Amino acid sequence: MARHLAVNQDECISCGNCQEVCPEVFQLDPASEKSRPIKPEGGPACVEDAINGCPVEAISWQED
Ligand code: SF4
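Using the numbering used here, the final residue of the sequence shown is 93, and nothing's skipped along the way.
In structure tokens form, the structure reads like this:
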């Protein structure tokens, strides 16, 4: 079963950590300043660092 990354927009506090450790996958939206996955299928190992480093645990894998 496929899975994709999701960022809970209500939980994200716009700290920027995920973008810093894994910019290939996460970018802060210029308008909302919340993180969004630009590569939701993941791939780079840094994804797990971003998930583990999020202070509010807003990033998760979701089953498609
Ligand atoms: S690390 Fe978490 S709180 Fe910080 S910008 Fe990314 S998703 Fe938002």
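All C-beta atoms, glycine included, are put in the ideal place defined by N, C-alpha and C. As the structure is a computational prediction, the values presented were derived from the model and not from experiment.
Can you tell which of S64, S43 and V85 has its C-alpha closest to the C-alpha of L34?
The shortest C-alpha separation from L34 is found at S64.
Spatial neighbours of M30 in its chain, beta-carbon cut-off 6 Å, leaving aside the 5 residues before and after:
Only E92 meet the Cβ criterion.
CB contact flag (C47, A79, <8 Å):
Between C47 and A79, the CB-CB gap stays under 8 Å.
Top-ranked residue by Cα proximity to P52, from Q38, I42, D39 and G71:
If we check each option's Cα against that of P52, G71 comes out closest.
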